[in-house]
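Below: the structure, in structure tokens.
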Amino acid sequence: MKKLIANGYLWALMLIMYSPIFIILIFSFTDAKALGSWHGFTIDLYANLFKGEAGPSLNSAILTTFIVAFVSAILSTVLGSLAAIGIYNMRPAQRRMMNFVNQIPMINPDIITGISIFLLFVALGLPRGYVSVTCAHVAFCMPYVVLSVMPRLMKMNPNLYEAAIDLGATPFIALRKVIFPELKPGMLSGFILALTLSIDDFAVTLFTKGSDGINTISTFIYNDARKGGLTPELRPLFSIIFITILVLLIILNLRTAKQTANKK
Amino acid sequence: MNKIIDFIGQRKSWAIPYAIVMLIFIIAPLFIVAWYAFQDGDATSLHQFEKFFNSDDSTDFNTFIYSIGIAMITTIVCILVGYPAAYFMADKQFKTPQVMVLLFILPMWINLLLRTLATVALFDFLHLDLGEEALIFGMVYNFLPFMIYPIYNTLQKMDPSLNEAARDLGATPAQVFWKVILPLSMPGVYSGILMVFMPTISTFAVSELLTMNNIKLFGTVIQDNMNTGLLNYGSALSLILLIIIGISSLFGGKDDK
Numbered sequence: 091m092k093k094l095i096a097n098g099y100l101w102a103l104m105l106i107m108y109s110p111i112f113i114i115l116i117f118s119f120t121d122a123k124a125l126g127s128w129h130g131f132t133i134d135l136y137a138n139l140f141k142g143e144a145g146p147s148l149n150s151a152i153l154t155t156f157i158v159a160f161v162s163a164i165l166s167t168v169l170g171s172l173a174a175i176g177i178y179n180m181r182p183a184q185r186r187m188m189n190f191v192n193q194i195p196m197i198n199p200d201i202i203t204g205i206s207i208f209l210l211f212v213a214l215g216l217p218r219g220y221v222s223v224t225c226a227h228v229a230f231c232m233p234y235v236v237l238s239v240m241p242r243l244m245k246m247n248p249n250l251y252e253a254a255i256d257l258g259a260t261p262f263i264a265l266r267k268v269i270f271p272e273l274k275p276g277m278l279s280g281f282i283l284a285l286t287l288s289i290d291d292f293a294v295t296l297f298t299k300g301s302d303g304i305n306t307i308s309t310f311i312y313n314d315a316r317k318g319g320l321t322p323e324l325r326p327l328f329s330i331i332f333i334t335i336l337v338l339l340i341i342l343n344l345r346t347a348k349q350t351a352n353k354k
Numbered sequence: 053m054n055k056i057i058d059f060i061g062q063r064k065s066w067a068i069p070y071a072i073v074m075l076i077f078i079i080a081p082l083f084i085v086a087w088y089a090f091q092d093g094d095a096t097s098l099h100q101f102e103k104f105f106n107s108d109d110s111t112d113f114n115t116f117i118y119s120i121g122i123a124m125i126t127t128i129v130c131i132l133v134g135y136p137a138a139y140f141m142a143d144k145q146f147k148t149p150q151v152m153v154l155l156f157i158l159p160m161w162i163n164l165l166l167r168t169l170a171t172v173a174l175f176d177f178l179h180l181d182l183g184e185e186a187l188i189f190g191m192v193y194n195f196l197p198f199m200i201y202p203i204y205n206t207l208q209k210m211d212p213s214l215n216e217a218a219r220d221l222g223a224t225p226a227q228v229f230w231k232v233i234l235p236l237s238m239p240g241v242y243s244g245i246l247m248v249f250m251p252t253i254s255t256f257a258v259s260e261l262l263t264m265n266n267i268k269l270f271g272t273v274i275q276d277n278m279n280t281g282l283l284n285y286g287s288a289l290s291l292i293l294l295i296i297i298g299i300s301s302l303f304g305g306k307d308d309k
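For the protein sequence lines, the chains are D and X, in the order given. The numbering used here applies: residue 91 is where the first sequence begins, and numbers increase by one. The numbering used here applies: residue 53 is where the second sequence begins, and numbers increase by one.
What follows is the structure, encoded as structure tokens:
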């Protein structure tokens, strides 16, 4: 009985949570302009999206989103992983301070992060564009990479690095041959997290993109929604992103499940 | 040259590039916000704050209070809806908690605006009016995972023998819940509150979409001011938001970990 209530409650909640998503998934297969009206089954919207017929601004927004996401995810994974190693080897007082700094972008609402970086560029009189958006994304993604890598470091035998150095490895070789293999799973999940955070970001991008017409998918949707109508091709785009993320997360979770199972 | 190599060899210096990026793009900008907030024209002044707190036209201040109200309702609804969900999933008899938790968190990876537009579509589809109720539904829908996850985490780490001990000592299931489980899960609830309350006040765009531009929240006011070039006033409002965050995170952080 208790089990029935628990399952019933959870599935009902799940149904409510997913119903908006299902609506978009379903209506990605009809070419009606407005969301909610059904004009018969068709995959035209998907075809338009892949043939690049959804309009040049949407195409460039998609391209910008992925370029920015990959560049900032790679940079933040490299810098964040190095930082995790550095922080791990600091004295407790320094480490506490770094952990505090690491929390700032996570606690700050996106709008504050966006505005503050926007003001930095205004105050310095620098133009905003790809560079400012990427810098901002790196800055708010790095803390998540640090947090994904840190647990792997904690589990690692601290003497391994010293042993490698004693046996004649340079710090660089020790990093590549000893530390890196141990940290790889943490770095991978940090990378995927950074990628999704960057793709998903809206507020920070809106403030740092400047006014020369660069858009990511998020800011494109924002402009589109303010104009009233929503480009219909966004529905299949959204469906594809959703399915991709679903698959990525399942893979990630299966990996961690397998690792914990192996440990046991 | 040797000194440089030694320096790079020390592993704690590997955090330096990170520290520089954080300093330039996270810490320094916060000081710039504070600096802008206390400027009026070329002079240092409290004018921006006066404008917010004591102006004849107190629309912005009212929006601020209204946003806090909406955020409180959202947070309470999230606790009421999210706590049972977390509780059921943390139950030891529950078979597939990982999958369920993943399913609850998954929508968070979907663009906030698209999620909101999907909610608007749902309301249209069901022929419900957009307005305050839609706003609260949308906010709860957007931020519920942030409430469920921390509560689930604390409940799941709880020692099940505490429950058994209380039962052995004669407590009824209700007493066990109110006297043992609930107090011990409060750290999770606090982090949940922190993660729901602040985003609700500061999120912009969402409220406009869900209410057809009829209701503005504080985040929108800040964004409007920045957009129209009132950087100093916008910064002052951001600073007020930052101070509230600082206070509430001290509040919540105390019981955490």
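Glycine is no exception: its CB is placed at the ideal position from the N, C-alpha and C atoms.
Next on the checklist: Run through chain X and tell me which residues come within less than 8 Å of Cys231 of chain D, C-beta to C-beta.
Outcome noted: Start at 1 with the first residue of the first sequence, and residue 231 of chain D comes out as number 141. Near Cys231 of chain D there are no residues of chain X at all, since even the closest Cβ is about 10 Å away, more than 8 Å.
Item to check | Cβ-based neighbour list, Thr155 of chain D, same chain, cut-off 7 Å, excluding 5 preceding and 5 following | outcome: Your numbering for residue 155 of chain D matches position 65 in the first sequence. For Thr155 of chain D, where only same-chain residues beyond five positions count, the Cβ hits under 7 Å are Ile289, Thr306, Ile307.
Item to check | Identity of the residue in D:Leu324, D:Arg186, D:Thr309, D:Ile282 nearest Val161 of chain D by Cα | outcome: The residue you call residue 161 of chain D lines up with position 71 of the first sequence. Relative to the Cα of Val161 of chain D, the nearest Cα in the group D:Leu324, D:Arg186, D:Thr309, D:Ile282 belongs to D:Ile282.
Item to check | DSSP three-state assignment for Gln275 of chain X, whether helix, strand or coil | outcome: Within the second sequence, the letter at position 223 stands for residue 275 of chain X. Three-state result, Gln275 of chain X: helix.
Checklist entry - When you compare each of X:Gly183, X:Leu234, X:Phe189, X:Leu82 to Gln208 of chain X by their alpha carbons, which one comes out closest? => result The residue given as residue 208 of chain X occupies position 156 in the second sequence. Nearest of X:Gly183, X:Leu234, X:Phe189, X:Leu82 to Gln208 of chain X, Cα basis: X:Leu234.
Checklist entry - Going along chain D in order, which residues have a C-beta closer than 7 Å to the C-beta of Met250 of chain X? => result Position 198 of the second sequence, counting from 1, holds the residue named residue 250 of chain X. Pro199, listed in chain order.
Checklist entry - If you drop the 5 nearest sequence neighbours on each side, which residues of the same chain put their C-beta closer than 7 Å to that of Phe113 of chain X? => result Taking the first residue of the second sequence as 1, we reach residue 113 of chain X at position 61. When the five nearest sequence neighbours on each side are left out, the beta carbons in the same chain lying within less than 7 Å of the beta carbon of Phe113 of chain X are those of Phe104, Phe105, in order along the chain.
Checklist entry - Checking contacts by CB at 8 Å: is Gly281 of chain X closer than that to chain D? => result Numbered from its first residue, the second sequence carries residue 281 of chain X at position 229. Chain D, which has no Cβ nearer than 8 Å to the Cβ of Gly281 of chain X, makes this no.
Checklist entry - Any chance the stretch 121-130 of chain D sits against the stretch 266-280 of chain D, with 3 or more Cβ pairs inside 8 Å? => result They do not touch, by the three-pair rule.
Next on the checklist: Bridge partners for Gln91 of chain X per DSSP, in chain order?
Outcome noted: As a first step, residue 91 of chain X must be located in the second sequence, where it is residue number 39. According to DSSP, residue pairing for Gln91 of chain X in a beta bridge involves X:Thr96.
Checklist entry - Would the beta-carbon of Phe17 of chain X fall within 8 Å of that of Val248 of chain X? => result Outside the displayed range of chain X (53 to 309) lies residue 17 of chain X, so it cannot be described from this structure.
Next on the checklist: Just to make sure I have the definition right: I need the residues of chain X whose C-beta is within less than 8 Å of the C-beta of Tyr312 of chain D. Which are they?
Outcome noted: The residue given as residue 312 of chain D occupies position 222 in the first sequence. Chain-order list of chain X residues neighbouring Tyr312 of chain D: Leu165, Ala257, by C-beta distance under 8 Å.
Item to check | Three-state secondary structure (DSSP) of Ser118 of chain D | outcome: Position 28 of the first sequence holds residue 118 of chain D. In the structure shown, Ser118 of chain D sits in coil (DSSP, three-state: anything other than H, G, I, E or B).
Item to check | Secondary structure of Arg218 of chain D, DSSP reduced to three states | outcome: Start at 1 with the first residue of the first sequence, and residue 218 of chain D comes out as number 128. Three-state result, Arg218 of chain D: coil.
Item to check | Met141 of chain X, buried or exposed, once every other Cβ within 10 Å from all chains shown has been counted against 16 | outcome: The residue given as residue 141 of chain X occupies position 89 in the second sequence. Within a 10 Å sphere around the beta-carbon of Met141 of chain X sit 16 or more other beta-carbons, which makes this residue buried.
Checklist entry - Between Thr3 of chain X and chain D, is there a C-beta pair that is closer than 8 Å? => result Here chain X comprises residues numbered 53 to 309, so residue 3 of chain X is not present and cannot be evaluated.
Checklist entry - Under a three-way DSSP split, which group does Gly183 of chain X fall into? => result Here residue 183 of chain X is taken as the residue at index 131 of the second sequence, counted from 1. Coil.
Next on the checklist: Less than 8 Å between the beta carbons of Ile267 of chain X and Ile197 of chain D, yes or no?
Outcome noted: In the second sequence, residue 267 of chain X corresponds to position 215, counting from 1. In the first sequence, residue 197 of chain D corresponds to position 107, counting from 1. The Cβ-Cβ distance between Ile267 of chain X and Ile197 of chain D does not fall below 8 Å.
Checklist entry - Does DSSP classify Gly286 of chain X as helix, strand or coil? => result Translated into positions along the second sequence, residue 286 of chain X becomes position 234. In the structure shown, Gly286 of chain X sits in a helix (DSSP, three-state: H, G or I).
Next on the checklist: Out of X:Ile122, X:Gln227, X:Ser243, X:Ile117, which one is the CA nearest neighbour of Ile200 of chain X?
Outcome noted: Counting from 1 along the second sequence, the entry for residue 200 of chain X is found at position 148. Ile200 of chain X has its Cα closest to that of X:Ser243, out of X:Ile122, X:Gln227, X:Ser243, X:Ile117.
Next on the checklist: So, with DSSP's three-state summary, where would you put Gly121 of chain X?
Outcome noted: The residue labelled residue 121 of chain X in the question sits at position 69 within the second sequence. Look at Gly121 of chain X here: in three-state DSSP terms it is helix.
Item to check | Validate contact between the stretch 124-131 of chain X and the stretch 220-229 of chain X using beta carbons, cut 8 Å, 3 pairs | outcome: The stretch 124-131 of chain X is not in contact with the stretch 220-229 of chain X.
Next on the checklist: Which residues in chain B have a C-beta closer than 7 Å to the C-beta of Ala213 of chain D? List them in chain order.
Outcome noted: Protein chains in the displayed structure are D and X, and chain B is not among them.
Next on the checklist: As a quick exercise: from X:Ile245, X:Leu214, X:Met124, pick the residue whose alpha carbon is nearest that of Val232 of chain X.
Outcome noted: As a working note, residue 232 of chain X is residue 180 in the second sequence. Of the listed residues, the one whose Cα sits closest to Val232 of chain X is X:Leu214.
Checklist entry - Taking just the CA atoms, how far does Tyr193 of chain X sit from Asn343 of chain D? => result As a first step, residue 343 of chain D is located in the first sequence; it is residue number 253 there, counting from the start. As a first step, residue 193 of chain X is located in the second sequence; it is residue number 141 there, counting from the start. Between Asn343 of chain D and Tyr193 of chain X, the C-alpha separation is close to 24 Å.
Item to check | Local Cβ density within 10 Å of Phe270 of chain X, reported as buried at 16 or more and exposed below that | outcome: As a first step, residue 270 of chain X must be located in the second sequence, where it is residue number 218. Classification for Phe270 of chain X: buried.
Item to check | Touching by the beta-carbon criterion (3+ pairs, under 8 Å), the stretch 265-277 of chain D and the stretch 240-254 of chain D | outcome: These segments touch.
Next on the checklist: Would Ser206 of chain D and Val273 of chain X be called neighbours here (beta carbons separated by less than 8 Å)?
Outcome noted: Taking the first sequence and counting its residues from 1, one reaches residue 206 of chain D at position 116. Taking the second sequence and counting its residues from 1, one reaches residue 273 of chain X at position 221. Pairing Ser206 of chain D with Val273 of chain X gives a Cβ-Cβ distance that is not under 8 Å.
Checklist entry - For His227 of chain D, which of helix, strand or coil comes out of DSSP? => result Taking the first sequence and counting its residues from 1, one reaches residue 227 of chain D at position 137. His227 of chain D: helix per DSSP, three-state reduction.
Checklist entry - What in chain X is Cβ-close to Ile247 of chain D, meaning under 9 Å? => result What you label residue 247 of chain D is simply residue 157 of the first sequence in a count that begins at 1. Just to set this straight, residue 247 of chain D is Asn in the shown sequence, not Ile. Per Cβ cutoff of 9 Å: no residues; Asn247 of chain D is ~15 Å from chain X at best.
Checklist entry - Assuming Phe146 of chain X contacts Ala96 of chain D under a Cβ cut-off of 8 Å, what Cβ separation, rounded to an integer in Å, is found between them? => result In the second sequence, residue 146 of chain X corresponds to position 94, counting from 1. In the first sequence, residue 96 of chain D corresponds to position 6, counting from 1. The distance from the Cβ of Phe146 of chain X to that of Ala96 of chain D is about 7 Å, consistent with a contact at the 8 Å cut-off.
Item to check | Same chain, Cβ closer than 8 Å to Leu257 of chain D, neighbours up to 5 away in sequence not counted | outcome: By 1-based counting over the first sequence, the position of residue 257 of chain D is 167. For Leu257 of chain D, same chain residues with a beta-carbon under 8 Å away, outside a window of 5 residues either side, do not exist.
Item to check | Proximal residues to Arg242 of chain D (C-beta, below 7 Å), its chain only, five neighbours per side dropped | outcome: Indexing the first sequence from 1 puts residue 242 of chain D at position 152. Exclusion of the five residues before and after Arg242 of chain D leaves Glu272, Leu273, Pro275, Gly276 as the residues of its chain whose Cβ lies within less than 7 Å of its Cβ.
Checklist entry - Between the beta-carbon of Phe230 of chain D and the beta-carbon of Val294 of chain D, is there less than 8 Å? => result Counting from 1 along the first sequence, the entry for residue 230 of chain D is found at position 140. Counting from 1 along the first sequence, the entry for residue 294 of chain D is found at position 204. Pairing Phe230 of chain D with Val294 of chain D gives a Cβ-Cβ distance under 8 Å.
Next on the checklist: Alpha carbons only, please: which of X:Leu180, X:Tyr285, X:Phe156, X:Ala138 is nearest the one belonging to Val241 of chain X?
Outcome noted: Residue numbering aside, residue 241 of chain X sits at position 189 when the second sequence is read from its first letter. The shortest Cα separation from Val241 of chain X among X:Leu180, X:Tyr285, X:Phe156, X:Ala138 belongs to X:Ala138.
Item to check | the stretch 174-193 of chain D: positions lying closer than 7 Å to chain X by Cβ | outcome: When CB distances to chain X are screened at a threshold of 7 Å, the residues of the stretch 174-193 of chain D falling below it are Ile175, Gly176, Ile177, Asn179, Met180, Met188, Val191, in chain order.
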